[in-house]
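Please read the structure below before turning to the comments.
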Amino acid sequence: MVSDRRRDFKLDLWGIVLLVPLLISPFVTKDVLISSLTYQISIGVAATMGIYVMLRMGLLSFSVPSFMTIGGYAAAISATAGWTDIFFLTAISFVAPALVAAPLGAIVLRLKGIYFIFITFIFNEILQILLFETPDLTGGANGIPGVPPATLFGHELAAQPQLVAVTAALAIVAALITFVVTHRFRAEFTSIEENETLAESLGVALWKYRTIGFIASAGVSGLAGFALVNMLSTAHPSLFASWSVNSYIAYAFVGGRGTLLGVAVGSALLIAVTNYFSAFANLSAGLFGVLLIVVMMLAPSGIVGSFVKLADYIRSRSVTRSAPSIKEKQNEFG
Amino acid sequence: METIVSTGVIGISIGAQYALISIGFTLIFGIMGVVNFAHGAFYIIGGYFAYTLTSLLGAPFIFAVVLATFLTALVGYFVEIIVVEKYVSDHMATMLLTLGVYQIMVTGATLAYGAEPVDFRFPISGALRWHGYFVPYSTLVVLVVCAVAIVSIYYLVFMTRYGIALRAMADDGAVARAQGIPAARMFPMAFAIATGLAGLTGAIVTPILVLEPQGGEAILGKAFIVVILGGLGSVTGATASAFIVGLIEAYSSVYLGGSKGALALFVLVVLILLVRPQGLIGSSARKA
Numbered sequence: 051m052v053s054d055r056r057r058d059f060k061l062d063l064w065g066i067v068l069l070v071p072l073l074i075s076p077f078v079t080k081d082v083l084i085s086s087l088t089y090q091i092s093i094g095v096a097a098t099m100g101i102y103v104m105l106r107m108g109l110l111s112f113s114v115p116s117f118m119t120i121g122g123y124a125a126a127i128s129a130t131a132g133w134t135d136i137f138f139l140t141a142i143s144f145v146a147p148a149l150v151a152a153p154l155g156a157i158v159l160r161l162k163g164i165y166f167i168f169i170t171f172i173f174n175e176i177l178q179i180l181l182f183e184t185p186d187l188t189g190g191a192n193g194i195p196g197v198p199p200a201t202l203f204g205h206e207l208a209a210q211p212q213l214v215a216v217t218a219a220l221a222i223v224a225a226l227i228t229f230v231v232t233h234r235f236r237a238e239f240t241s242i243e244e245n246e247t248l249a250e251s252l253g254v255a256l257w258k259y260r261t262i263g264f265i266a267s268a269g270v271s272g273l274a275g276f277a278l279v280n281m282l283s284t285a286h287p288s289l290f291a292s293w294s295v296n297s298y299i300a301y302a303f304v305g306g307r308g309t310l311l312g313v314a315v316g317s318a319l320l321i322a323v324t325n326y327f328s329a330f331a332n333l334s335a336g337l338f339g340v341l342l343i344v345v346m347m348l349a350p351s352g353i354v355g356s357f358v359k360l361a362d363y364i365r366s367r368s369v370t371r372s373a374p375s376i377k378e379k380q381n382e383f384g
Numbered sequence: 037m038e039t040i041v042s043t044g045v046i047g048i049s050i051g052a053q054y055a056l057i058s059i060g061f062t063l064i065f066g067i068m069g070v071v072n073f074a075h076g077a078f079y080i081i082g083g084y085f086a087y088t089l090t091s092l093l094g095a096p097f098i099f100a101v102v103l104a105t106f107l108t109a110l111v112g113y114f115v116e117i118i119v120v121e122k123y124v125s126d127h128m129a130t131m132l133l134t135l136g137v138y139q140i141m142v143t144g145a146t147l148a149y150g151a152e153p154v155d156f157r158f159p160i161s162g163a164l165r166w167h168g169y170f171v172p173y174s175t176l177v178v179l180v181v182c183a184v185a186i187v188s189i190y191y192l193v194f195m196t197r198y199g200i201a202l203r204a205m206a207d208d209g210a211v212a213r214a215q216g217i218p219a220a221r222m223f224p225m226a227f228a229i230a231t232g233l234a235g236l237t238g239a240i241v242t243p244i245l246v247l248e249p250q251g252g253e254a255i256l257g258k259a260f261i262v263v264i265l266g267g268l269g270s271v272t273g274a275t276a277s278a279f280i281v282g283l284i285e286a287y288s289s290v291y292l293g294g295s296k297g298a299l300a301l302f303v304l305v306v307l308i309l310l311v312r313p314q315g316l317i318g319s320s321a322r323k324a
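Order-wise, the sequence lines are chains P and F.
Position one of the first sequence corresponds to residue 51 (the numbering used here), numbered consecutively onward.
Position one of the second sequence corresponds to residue 37 (the numbering used here), numbered consecutively onward.
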């Protein structure tokens, strides 16, 4: 797929615009299904942003659940201690995992490919054990139940529509941060993704941009963790299981890993489909699997990526048709 | 003293189980460059095949284990041909495709047998008691089966023409093809052997541990650790590190408590990844 800065900018912007209805929906409808879909999609989108940022540098990170854990628990501990202001909780759930990611990135970002996947996966496992080993701080196996809802200028956002709206708002914030980071460092990220040796030889400081991406990925994952904890009023190790990352990876790849629109479309589609088949709850994981295989086989660049490719193809065909051929030019000049 | 020895035997038995599952995982990566995320699911369906044959169809356990191994290998063979073969050169695509296969297989197992663990028990109970030493018979049987399987795999990989061809493919696929080694035939067979090993492990280990659809995740996590320690793509490394992991797990669960030992193991793996990504033993067979 040919990279086109303006087109990618528009597609990414559409990815954010597509999230706005999530913020509005809790106030226009009380439908339980829509409410449930809204918060699930919001959390899915926010978490998948963590995958997306790293994919922009060609790295598949499995550490999203661990950063969600840090963000979620940071918010839960703060809220339980009485600091429930939504701006504070948003900040702490972004900053706490970002602070962990900074030194961690300096270590793990030396690895790439499958080794990077392994080390990020192991980080999830380590964090899960640490949750159980530190009951005084994290509640251990019981987690932190009864987390107070966030407040806005002293008003509790405890009603169901408000909780859903907070979740949607956090997804939009995560998308905006991702948008800013991936566009500010677009050239560097793309050069690292395409050929890091060449990028390095051209003066791109790999460690610097990888660390920036890793910190941003951790921060937005932390926001997803906060969204989840705030929605369910509890922080529990089971909410952040290591293998939950499979779903977020599937969202990114099915929608299209190249744009924010892909993340939004993939998350919305897969979560909606899973809910549609909720009567057959056991089938949902298998359905994920089928979709993942079908998309990887038929449209490896995802749904959005395939549409972009199709649009490129149609455009190139119409340009070829409208341009005069060499034979026509020869005839024209006798 | 008795505790130390008994724990050591259990550790070696755990190590043998991990070796079986990890050799398959590392074999697929070493030869094909594929990180098989469905490997844990093959372990599970091996267990379910054996369960169906023994508990539901009344077949003898030994026959069930052999047939379960073969059936799992057959499933692996077709998965390779249908899903993986075309995308072998694309690491990311094969990872996601096998992730999809994993989810389909787990869903299939859940639909067929339910989400709860099934009642699948090892046919031999009791333990060997000798001068205060205590080793369950099931552990000894697993140890023997694993030892035979590991020796067989070594024979296949290092002593046969087929094994030489496989190693040639792992070493340099392009040159091996130029020498006339048919990758189209080698890859599905390699995948079948590796998944057959996972099926064998599932068939003999799940009656001792637990047989449930989600059980593959934990075992895949263990395979990750073992192959990192041993060096991704190295069969010898996987075998040796599986026993190291098994012994650490056994002793730490007795002397430190389960989670502290696991934590120590994870930290050790992280350190090894950082200092020596090619693993403790030798160099990796393939660049990741």
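For glycine and all other residues, C-beta sits at the position ideal for the given N, C-alpha and C.
Measuring alpha carbon to alpha carbon, tell me which of 349/P, 279/P, 332/P ends up nearest residue 306/P.
As a working mapping, residue 306/P is identified with position 256 in the first sequence. If we check each option's Cα against that of residue 306/P, 349/P comes out closest.
Of all the CB atoms in chain P, is at least one closer than 8 Å to the CB of residue 1/F?
Chain F is shown only over 37 to 324; residue 1/F falls outside these bounds and no answer can be derived.
Let me make sure I understand the geometry here. Which of 233/P, 245/P, 132/P, 302/P has the alpha-carbon closest to that of residue 110/P?
Here residue 110/P is taken as the residue at index 60 of the first sequence, counted from 1. Minimum Cα distance to residue 110/P is reached at 302/P.
By the DSSP assignment, the alpha helix (DSSP H) with residue 147/P in it spans what residues?
Residue numbering aside, residue 147/P sits at position 97 when the first sequence is read from its first letter. It spans 136 to 158 - the alpha helix (DSSP H) in which residue 147/P sits, taken as one unbroken run.
Quick one: which residues of the region 105 to 139 of chain P get their C-beta closer than 8 Å to a C-beta of chain F? List them in chain order.
Cβ contacts with chain F come from 110.
Alpha carbon to alpha carbon, how far is residue 37/F from residue 44/F?
By one-based count along the second sequence, residue 37/F stands at place 1. By one-based count along the second sequence, residue 44/F stands at place 8. The straight-line gap from Cα to Cα measures roughly 11 Å.
Taking the Cβ atom as the reference point for each residue, do residue 230/F and residue 85/F lie within a distance shorter than 8 Å?
Numbered from 1 along the second sequence, position 194 holds the residue referred to as residue 230/F. Numbered from 1 along the second sequence, position 49 holds the residue referred to as residue 85/F. Going by C-beta atoms, residue 230/F is not nearer than 8 Å to residue 85/F.
Identify the contact partners of residue 146/F in chain P, using a Cβ-Cβ distance below 7 Å as the criterion.
Position 110 of the second sequence, counted from the first residue, corresponds to residue 146/F. The answer, in chain order, is 332.
By how many angstroms is the C-alpha of residue 126/F removed from the C-alpha of residue 355/P?
Counting from 1 along the first sequence, the entry for residue 355/P is found at position 305. Counting from 1 along the second sequence, the entry for residue 126/F is found at position 90. Approximately 18 Å, taken between the alpha carbons.
Answer yes or no: does any C-beta atom of chain P fall closer than 8 Å to that of residue 128/F?
Locating residue 128/F in the second sequence gives position 92, where the first residue counts as 1. So, interface residue.
Assign residue 94/F to buried or exposed, taking buried as 16 or more other Cβ atoms, counted over all protein chains shown, within 10 Å of its Cβ.
Within the second sequence, residue 94/F is the residue found at index 58, counting from 1. With fewer than 16 other Cβ atoms within 10 Å, it is exposed.
Should residue 65/P go down as buried or exposed, given a rule of 16 or more other Cβ atoms within 10 Å for buried?
Taking the first residue of the first sequence as position 1, residue 65/P is located at position 15. By the 10 Å Cβ count, residue 65/P comes out buried.
Assuming contact is defined by CB atoms lying nearer than 8 Å, are residue 26/F and residue 81/F in contact in what I supplied?
No information on residue 26/F is available, as it lies outside the stretch 37 to 324 that chain F covers here.
Rounded to whole angstroms, how far is the Cβ of residue 304/P from the Cβ of residue 341/P, which I believe are closer than 8 Å?
Here residue 304/P is taken as the residue at index 254 of the first sequence, counted from 1. Here residue 341/P is taken as the residue at index 291 of the first sequence, counted from 1. Between residue 341/P and residue 304/P the Cβ distance is about 6 Å, and since that is below 8 Å, they are a contact.
If you measure from the CB of residue 118/P, is any heavy atom of the ligand MN nearer than 7 Å?
By its list of ligands, the structure shown contains no ligand whatsoever, and the ligand MN lies outside what it can speak to.
Output the distance between the C-alpha atoms of residue 242/F and residue 320/P, rounded to the nearest integer angstrom.
Here residue 242/F is taken as the residue at index 206 of the second sequence, counted from 1. Here residue 320/P is taken as the residue at index 270 of the first sequence, counted from 1. Cα-Cα distance, rounded: 32 Å.
Any idea if residue 195/F is buried or exposed, counting beta-carbon neighbours within 10 angstroms, 16 or more meaning buried?
Residue 195/F sits at position 159 when you count from the first residue of the second sequence. Result: exposed.
Starting from the beta carbon of residue 342/P, find every residue of chain F whose beta carbon is closer than 8 Å, and list them in chain order.
Looking up residue 342/P in the first sequence gives position 292. The answer, in chain order, is 132, 133, 135, 136, 139.
The region 246 to 265 of chain F: which residues have C-beta closer than 8 Å to a C-beta of chain P, in chain order?
So the list reads 253, 257, 260, 261, 264, given in the order they occur along the chain.
So who's on the other strand from residue 171/F, going by DSSP bridges?
Mapped onto the second sequence, residue 171/F falls at position 135. DSSP, once it has assigned bridges, lists 164/F as partnering residue 171/F.
Are the C-beta of residue 336/P and some C-beta of chain F separated by less than 8 Å?
Taking the first sequence and counting its residues from 1, one reaches residue 336/P at position 286. Output row for residue 336/P: interface = yes.
So what's residue 38/F in DSSP terms, helix, strand or just coil?
As a position in the second sequence, residue 38/F is number 2, starting the count at 1. Note: residue 38/F maps to helix in three-state DSSP.
Against residue 243/P, what residues of chain F qualify as contacts under a CB-to-CB distance less than 9 Å, listed in chain order?
As a working note, residue 243/P is residue 193 in the first sequence. Result: empty, since nearest Cβ-Cβ is about 12 Å, beyond 9 Å.
Taking C-beta pairs closer than 9 Å, name the residues in chain F that residue 161/P reaches, listed in chain order.
Stepping through the first sequence from its first residue, residue 161/P is reached at position 111. Within 9 Å Cβ-Cβ: 309, 310, 313, 324.
Can a CB atom of chain F be found closer than 8 Å to the CB of residue 350/P?
Counting from 1 along the first sequence, the entry for residue 350/P is found at position 300. Closer than 8 Å: yes.
Closest Cβ-Cβ distance between residue 84/P and chain F: below 8 Å?
Taking the first residue of the first sequence as position 1, residue 84/P is located at position 34. By this cut-off, residue 84/P is not an interface position.
Measure the C-alpha to C-alpha separation of residue 316/F and residue 307/F and round it to an integer number of angstroms.
Here residue 316/F corresponds to residue number 280 of the second sequence, with the count starting at 1. Here residue 307/F corresponds to residue number 271 of the second sequence, with the count starting at 1. For residue 316/F and residue 307/F, the distance between alpha carbons rounds to 11 Å.
According to DSSP, is residue 246/P helix, strand or coil?
Within the first sequence, numbered from 1, the residue matching residue 246/P stands at position 196. DSSP places residue 246/P in helix when its eight states are reduced to three.
So that I know if they touch, is there some Cβ in chain F lying closer than 8 Å to that of residue 250/P?
In the first sequence, counting from the first residue as 1, residue 250/P sits at position 200. Chain F contact via Cβ: absent.
What separation, rounded to the nearest whole angstrom, lies between the Cα atoms of residue 39/F and residue 169/F?
The sequence position of residue 39/F within the second sequence is 3, counting from 1. The sequence position of residue 169/F within the second sequence is 133, counting from 1. So the two alpha carbons sit approximately 7 Å from each other.
Taking three-plus beta-carbon pairs below 8 Å as touching, is the region 253 to 270 of chain P in contact with the region 145 to 163 of chain P?
At 8 Å Cβ cutoff, the stretches touch.
In terms of residue numbering, what span does the alpha helix (DSSP H) encompassing residue 250/F cover?
The residue you call residue 250/F lines up with position 214 of the second sequence. No alpha helix (DSSP H) holds residue 250/F; DSSP gives it neither H nor E.
Pairs of beta-carbons, one from the region 41 to 61 of chain F and one from the region 212 to 220 of chain F, closer than 8 Å: are there three or more?
Touching, no, given that fewer than three Cβ pairs across the two stretches are closer than 8 Å.
How about the region 264 to 274 of chain F and the region 117 to 131 of chain F: do they share at least three Cβ pairs that are nearer than 8 Å?
Too few Cβ pairs lie closer than 8 Å, so no.
Residues of chain F with CB under 9 Å from residue 296/P, in chain order?
As a working note, residue 296/P is residue 246 in the first sequence. Per Cβ cutoff of 9 Å: 73, 135, 138, 139.
Anything in chain P within Cβ reach of residue 299/F, meaning under 8 Å, just list it in chain order.
If you number the second sequence from 1, residue 299/F lands on position 263. The answer, in chain order, is 176, 179, 180, 183.
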